[in-house]
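In full-length UniProt numbering, the protein residues as written are 1 to 286.
We put the CB at the ideal spot given by N, CA and C, even for glycine.
Computed from a prediction, not measured in an experiment: that's the story for all the values here.
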């Protein structure tokens with residue numbers, strides 16, 4: 001169990017009472033300076049997560065052509081996948097959307113992204129066994145550069161999901177956001193304790209790779225970046241995949257331009273597990 005203590009404007013300190021004596025000796029009282037958000041070239045404090053605008057996401061009225069008597073128009077609804085990729089293109093943020101063979105040209109999605117102050121500089125479609133993949137390369141309209149602000153990256157993700165729910169209401173039964181904003185809520189709910197998996201490994205001397213799989217929810221990308229940077233770990237780049245009810249994340253992280261040492265890896269993993277657990281069951285059920 002990781003114990004955390006901090007004061008306003010002061011360093012954040014950790015001790016680990018459950019670790020082995022050797023780890024406790026190495027970890028000791030592990031104190032870090034006040035944190036800032038560092039995502040790519042962004043370096044700024046995140047003060048209020050409410051700045052992320054979710055007002056465009058509104059519950060949808062049932063679409064009679066797609067949903068009738070509480071049932072989808074097909075026996076098998078494909079799993080929606082939305083990927084926000086910061087790694088594959090050095091000059092643009094790549095967004096990929098897959099929903100079996102049901103997606104059209106997604107012109108509405110591109111227009112919605114433009115309303116966020118973004119340009120779709122190129123788009124392409126390819127087919128494989130999982131369906132039709134629509135990929136967009138996106139830059140900020142005012143600078144022509146890739147998106148680096150975690151709040152705007154999350155707004156992109158939610159905008160794409162919002163359009164999926166609007167134009168493909170049957171997707172709401174497969175998406176975590178369908179419970180709040182879709183026509184049909186998911187028939188199954190992900191148990192957060194079971195769904196959450198965290199792995200950290202070295203990716204050379206200068207950075208580490210952080211893998212997270214957990215139950216999806218609105219604002220998760222921003223919350224994860226804030227949680228990581230709260231212990232002064234820099235998030236350099238990564239990929240955020242929304243696959244049905246799950247979020248699958250890969251972040252390149254570093255501490256003072258170096259890969260994370262083992263004690264800090266443990267602090268980060270334990271902090272994320274504690275943060276992501278958030279059981280929804282009643283206290284009386286424990």
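Residue span of the beta strand (DSSP E) that contains residue 96, given as start and end: Element bounds for residue 96: 93 to 98.
Under the three-state DSSP convention, the category residue 223 falls into: Residue state for residue 223 is assigned as helix, using DSSP reduced to three classes.
Residue(s) in a DSSP beta bridge with residue 143: None; residue 143 has no bridge partner.
Whole runs of the alpha helix (DSSP H) within the region 99 to 171, excluding any shorter than 4 residues: If only complete runs of 4 or more residues are kept, the region 99 to 171 shows the alpha helix (DSSP H) at 107 to 114, 150 to 167, in order along the chain.
Option nearest residue 276 by Cα separation, candidates 248, 76, 261, 258: The residue with the shortest Cα to Cα distance from residue 276 is 248.
Beta carbon of residue 113 nearer than 8 Å to that of residue 138: At the C-beta level, residue 113 and residue 138 come within 8 Å of one another.
Touch test, the region 186 to 205 against the region 257 to 275, Cβ-Cβ under 8 Å, three pairs minimum: Cβ pair count under 8 Å is three or more, so yes.
Contacts around residue 207, its chain only, beta-carbon distance under 7 Å, and the 5 residues preceding and following it disregarded: Within its own chain, the residues whose Cβ lies closer than 7 Å to the Cβ of residue 207, once the five positions on either side in sequence are excluded, are 236, 252, 253, 254, 259, listed in chain order.
Coarse secondary structure for residue 90, derived from DSSP in three states: It is coil, neither helix nor strand.
Sub-8 Å separation of residue 246 and residue 216 beta-carbons: Cβ distance < 8 Å, so residue 246 and residue 216 count as in contact.
Collapsed DSSP secondary structure at residue 178 in the structure displayed: Three-state DSSP puts residue 178 in a helix.
Limits of the beta strand (DSSP E) - the one that residue 84 falls within: Segment 81 to 85, the beta strand (DSSP E) holding residue 84.
Min CB distance residue 152 to chain B below 8 Å: The structure shown has no chain B; it contains just one protein chain.
Supposed close pair residue 95, residue 156 - CB separation, criterion 8 Å: About 6 Å separates the two Cβ atoms, so the contact holds.
For residue 229, the three-state DSSP class (helix, strand or coil): Residue 229 falls in the helix class under three-state DSSP.
Extent of the continuous alpha helix (DSSP H) to which residue 268 belongs: Where residue 268 is concerned, the enclosing alpha helix (DSSP H) stretches over 262 to 277.
Alpha-carbon spacing of residue 145 relative to residue 123, whole angstroms: It is roughly 16 Å from the alpha-carbon of residue 145 to the alpha-carbon of residue 123.
Anticipated Cβ contact below 8 Å, residue 244 with residue 175, distance rounded: The beta carbons of residue 244 and residue 175 sit about 7 Å from each other, so the pair counts as a contact at 8 Å.
Nearest residue (CA-CA) to residue 270, options 197, 115, 111: Taking only the C-alpha atoms, the option nearest residue 270 is 197.
Three-state secondary structure assigned by DSSP to residue 195: Three-state result, residue 195: helix.
Identity of the residue in 193, 170, 194 nearest residue 186 by Cα: Closest option to residue 186, judged by alpha-carbon separation, among 193, 170, 194: 170.
Outcome for residue 212 when other beta-carbon atoms lying within 10 angstroms are tallied against a minimum of 16: Residue 212 sits buried, since 16 or more C-beta atoms from the chains shown fall within 10 Å of its C-beta.
Beta-carbon separation (whole angstroms), residue 134 vs residue 153, contact threshold 8 Å: In fact, because the Cβ distance is near 18 Å, the residues do not count as touching under 8 Å.
Closest Cα partner of residue 107 within the set 192, 100, 125, 93: Of the listed residues, the one whose Cα sits closest to residue 107 is 125.
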